[in-house]
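Chains as they are written, first to last, in our numbering: chain A, 6 to 296; chain B, 261 to 539. Glycine included, C-beta positions come from ideal geometry on N, C-alpha and C. On a predicted model such as this, the values are computed, not experimentally measured, just so you know. Written out below as structure tokens is the structure these notes cover.
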Ligand SMILES: Nc1nc2c(ncn2[C@@H]2O[C@H](COP(=O)(O)OP(=O)(O)OP(=O)(O)O)[C@@H](O)[C@H]2O)c(=O)[nH]1
Ligand SMILES: Nc1nc2c(ncn2[C@@H]2O[C@H](COP(=O)(O)OP(=O)(O)OP(=O)(O)O)[C@@H](O)[C@H]2O)c(=O)[nH]1
Ligand SMILES: [Mg+2]
Ligand SMILES: [Mg+2]
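In structure tokens, the structure reads:
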């Protein structure tokens with residue numbers, strides 16, 4: 006882990022003097038390497054390492070703690086601060102039914118996440134309603150309808166083929182069903198597909214969501230920044246769900262996306278079942294990225 | 261970097277960053293830059309075009325230089341292709357595309373809905389089979405995957421299929437119980453058809469970062485992977501991690517997915533890949 010990697014760098018420095026630019030520089034190269042291995046975007050890694058340098062250089066070497074560990078603490082604290090800060094819950098307040106749009110790249114975990122959010126809402130005493138607004142992917146609507154039925158949630162089963170129409174009718178049905186939160190599952194799409202990004206803007210204009218969640222695959226690499234920047238620019242989003250975090254991907258995308266867009270990670274997907282959703286903990290994420 | 265006539269220190273950093281943002285990872289990026297620096301030392305005063313041409317050659321060479329075909333010769337019986345990978349990578353869609361391609365070449369193709377777990381997985385594959393105009397074998401929802409695959413192979417033999425494409429449920433390589441299930445599926449295939457599976461294709465999401473190496477390692481150790489399918493290369497991700505995988509595990513990329521339509525499947529060409537990564 007990072008601690009042991011930095012021990013070699015500071016071999017000569019135990020218990021005396023100050024962390025100098027020279028001995029910190031070598032540590033920073035190791036830190037940058039570790040961040041890249043963890044899939045942090047290379048520009049974000051560069052910025053981050055600069056911030057660590059500013060905080061670490063000139064620090065007195067503390068007694069009883071290895072200088073390498075001291076630098077790791079600076080790195081960890083800096084990362085927790087970058088990842089955390091604001092309380093990160095979705096905005097589901099407002100006159101019911103409150104619409105929540107769920108968007109993202111193909112296969113990131115949106116449909117599954119909608120079922121998870123419905124379970125999460127039910128536990129909080131809310132009445133969720135699911136709308137399968139993906140008419141493109143084969144059996145996508147079947148998938149959400151089956152998930153809804155398996156978990157006891159109301160779901161829109163109308164025949165419309167246009168996503169905007171599905172959402173409009175879905176919202177009307179949600180009112181009739183006395184639901185108070187509507188989860189709109191959209192089709193996976195590329196951030197560079199202008200036509201499909203425009204479609205999302207039309208959905209947004211139609212349902213006026215209180216929350217747009219960007220669902221991102223936890224194993225995503227450097228593309229995390231392209232995706233987040235484009236979704237922010239072309240649509241806008243209020244929170245991120247990082248999925249498949251029950252695997253061993255380090256999840257550097259969390260730092261990249263937060264750093265570049267300022268949007269908080271709100272949940273982690275941690276399994277295939279509809280109960281596998283956790284609130285996001287900045288300190289746990291920092292430990293995972295720096296492992 | 262292009263459009264400069266001479267090459268300076270800053271350009272090496274730009275090339276390293278080009279590679280890093282293509283998901284090659286730090287180790288491969290450093291190796292390539294070191295290799296280029298060594299080569300350029302012999303050229304006297306290199307220009308950007310020369311360095312980039314060398315860069316592309318280095319990338320293509322690292323990926324085997326030439327396209328590698330699928331092994332679809334089943335001898336007396338059908339050739340079996342087992343398709344595996346983590347959740348949402350693009351397995352089911354890739355099978356649909358491959359079925360259409362092979363069927364278009366005049367082969368008798370059968371697809372087997374080996375994902376008996378995920379909601380609407382069998383229905384999804386059934387739509388693709390219909391689009392590709394090939395028959396499909398499904399089991400009941402929740403049935404044992406190995407049993408369905410066995411039935412599928414039986415059906416393929418009876419029908420005289422040339423190729424059997426087996427879909428499996430997505431699974432994270434960290435879940436040992438699920439990896440065991442996949443090993444059982446492989447054993448069933450080996451038992452029913454000696455020599456099978458003729459291909460074990462690991463589908464990777466083109467946006468995946470360094471975790472793809474671990475996926476290839478673990479799936480490779482348990483199943484023996486014969487080729488990679490790199491899906492979703494029609495986005496902005498470059499899939500450079502396949503160089504790290506080739507370097508460590510020597511597994512070739514055989515196919516790439518470039519969209520969500522039936523025809524969006526291409527042979528992997530190392531030179532074209534290099535061109536896209538370092539234009
Ligand atoms: N292990 C694990 N698997 C997940 C998680 N979230 C989703 N999945 C799986 O990932 C795969 C893709 O999930 P979907 O919900 O279909 O993804 P999607 O974003 O709706 O896909 P498209 O609609 O095609 O864009 C499925 O196999 C899910 O079961 C997670 O947190 N952990
Ligand atoms: N843009 C693009 N999308 C793709 C490509 N291949 C697959 N997809 C999409 O990615 C999503 C997931 O594809 P699936 O075929 O369901 O993936 P899978 O690996 O079978 O997923 P699980 O069975 O849930 O593990 C779907 O929305 C596909 O349309 C590709 O090459 N390009
Ligand atoms: Mg979906
Ligand atoms: Mg599938």
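Residue i beta carbon near ligand 4 (any heavy atom closer than 7 Å)
i: residue 351(B); result: yes
i: residue 420(B); result: no
i: residue 375(B); result: yes
Distance cut-off 7 Å: residue i Cβ against heavy atoms of ligand 2
i: residue 64(A); result: no
i: residue 520(B); result: yes
i: residue 131(A); result: no
i: residue 492(B); result: yes
i: residue 524(B); result: yes
i: residue 195(A); result: yes
i: residue 361(B); result: no
Proximity test, residue i beta-carbon vs ligand 1 heavy atom, cut-off 7 Å
i: residue 116(A); result: yes
i: residue 221(A); result: no
i: residue 83(A); result: no
i: residue 347(B); result: yes
i: residue 486(B); result: no
Neighbour-count burial assignment, residue i, 16 or more Cβ in a 10 Å radius
i: residue 269(B); result: exposed
i: residue 67(A); result: exposed
i: residue 125(A); result: buried
i: residue 100(A); result: exposed
i: residue 231(A); result: buried
i: residue 357(B); result: buried
i: residue 93(A); result: buried
i: residue 210(A); result: exposed
i: residue 139(A); result: buried
i: residue 177(A); result: exposed
i: residue 275(B); result: buried
i: residue 98(A); result: exposed
When the options are compared against residue i, the one with the closest alpha-carbon
i: residue 361(B); options: 455(B), 393(B), 310(B); result: 393(B)
i: residue 227(A); options: 315(B), 412(B), 280(B); result: 280(B)
i: residue 76(A); options: 34(A), 29(A), 140(A), 88(A); result: 29(A)
i: residue 290(A); options: 272(A), 279(A), 276(A); result: 272(A)
i: residue 402(B); options: 456(B), 391(B), 377(B); result: 377(B)
i: residue 503(B); options: 472(B), 331(B), 452(B); result: 472(B)
i: residue 57(A); options: 170(A), 31(A), 199(A), 118(A); result: 31(A)
i: residue 182(A); options: 158(A), 165(A), 198(A), 246(A); result: 158(A)
i: residue 462(B); options: 482(B), 389(B), 486(B); result: 486(B)
i: residue 141(A); options: 117(A), 129(A), 153(A), 166(A); result: 166(A)
i: residue 261(A); options: 210(A), 223(A), 13(A); result: 223(A)
i: residue 220(A); options: 23(A), 288(A), 105(A); result: 105(A)
i: residue 481(B); options: 442(B), 325(B), 386(B), 350(B); result: 442(B)
i: residue 144(A); options: 413(B), 428(B), 391(B), 384(B); result: 384(B)
i: residue 424(B); options: 278(B), 389(B), 510(B), 433(B); result: 389(B)
i: residue 197(A); options: 155(A), 8(A), 238(A), 162(A); result: 238(A)
i: residue 410(B); options: 490(B), 380(B), 444(B), 433(B); result: 444(B)
i: residue 375(B); options: 397(B), 464(B), 391(B); result: 397(B)
i: residue 5(A); options: 275(A), 7(A), 195(A); result: Any property of residue 5(A) remains undetermined from this structure, which presents chain A solely from 6 to 296.
i: residue 297(B); options: 500(B), 335(B), 272(B); result: 272(B)
i: residue 199(A); options: 59(A), 171(A), 235(A), 40(A); result: 235(A)
Heavy atom of ligand 3 within 7 Å of residue i beta-carbon
i: residue 52(A); result: no
i: residue 142(A); result: yes
i: residue 120(A); result: no
i: residue 145(A); result: yes
i: residue 465(B); result: no
i: residue 139(A); result: yes
i: residue 251(A); result: no
Contact belief for residue i with residue j at Cβ below 8 Å, rounded distance in angstroms
i: residue 108(A); j: residue 217(A); result: 6 Å
i: residue 430(B); j: residue 371(B); result: Residue 430(B) to residue 371(B), Cβ: 16 Å. No contact.
i: residue 192(A); j: residue 164(A); result: Rounded, the Cβ-Cβ distance is 17 Å, inconsistent with contact.
i: residue 87(A); j: residue 62(A); result: Residue 87(A) to residue 62(A), Cβ: 19 Å. No contact.
i: residue 449(B); j: residue 413(B); result: 7 Å
i: residue 369(B); j: residue 422(B); result: 7 Å
i: residue 536(B); j: residue 498(B); result: 7 Å
i: residue 479(B); j: residue 327(B); result: Incorrect: roughly 22 Å between the Cβ atoms, too far for contact.
| message | Across the stretch 126–135 of chain A and the stretch 178–196 of chain A, are there enough close Cβ pairs to call them in contact, namely three or more that are closer than 8 Å? | response | In this structure the stretch 126–135 of chain A touches the stretch 178–196 of chain A; the number of beta carbon pairs closer than 8 Å is three or more.
| query | Is the stretch 298–310 of chain B touching the stretch 516–527 of chain B, taking contact as three or more C-beta pairs under 8 Å? | reply | Not touching, per the Cβ criterion.
| message | With a threshold of 8 Å, are at least 3 pairs of Cβ atoms found where one atom belongs to the stretch 493–500 of chain B and the other to the stretch 242–257 of chain A? | response | With the cut-off at 8 Å, the stretch 493–500 of chain B and the stretch 242–257 of chain A do not touch.
| message | Three or more C-beta pairs under 8 Å: does that hold for the stretch 38–50 of chain A against the stretch 253–267 of chain A? | response | At 8 Å Cβ cutoff, the stretches touch.
| query | At a cut of 8 Å, does the stretch 280–299 of chain B reach the stretch 279–287 of chain A through at least three beta carbon pairs? | reply | In this structure the stretch 280–299 of chain B does not touch the stretch 279–287 of chain A; the number of beta carbon pairs closer than 8 Å is below three.
| Stretch pair the stretch 335–349 of chain B + the stretch 441–461 of chain B: three plus CB contacts closer than 8 Å | They touch, by the three-pair rule.
| Three-pair Cβ contact test at 8 Å for the stretch 317–328 of chain B versus the stretch 433–450 of chain B | Because the criterion of three Cβ pairs below 8 Å is not met, the stretch 317–328 of chain B and the stretch 433–450 of chain B do not touch.
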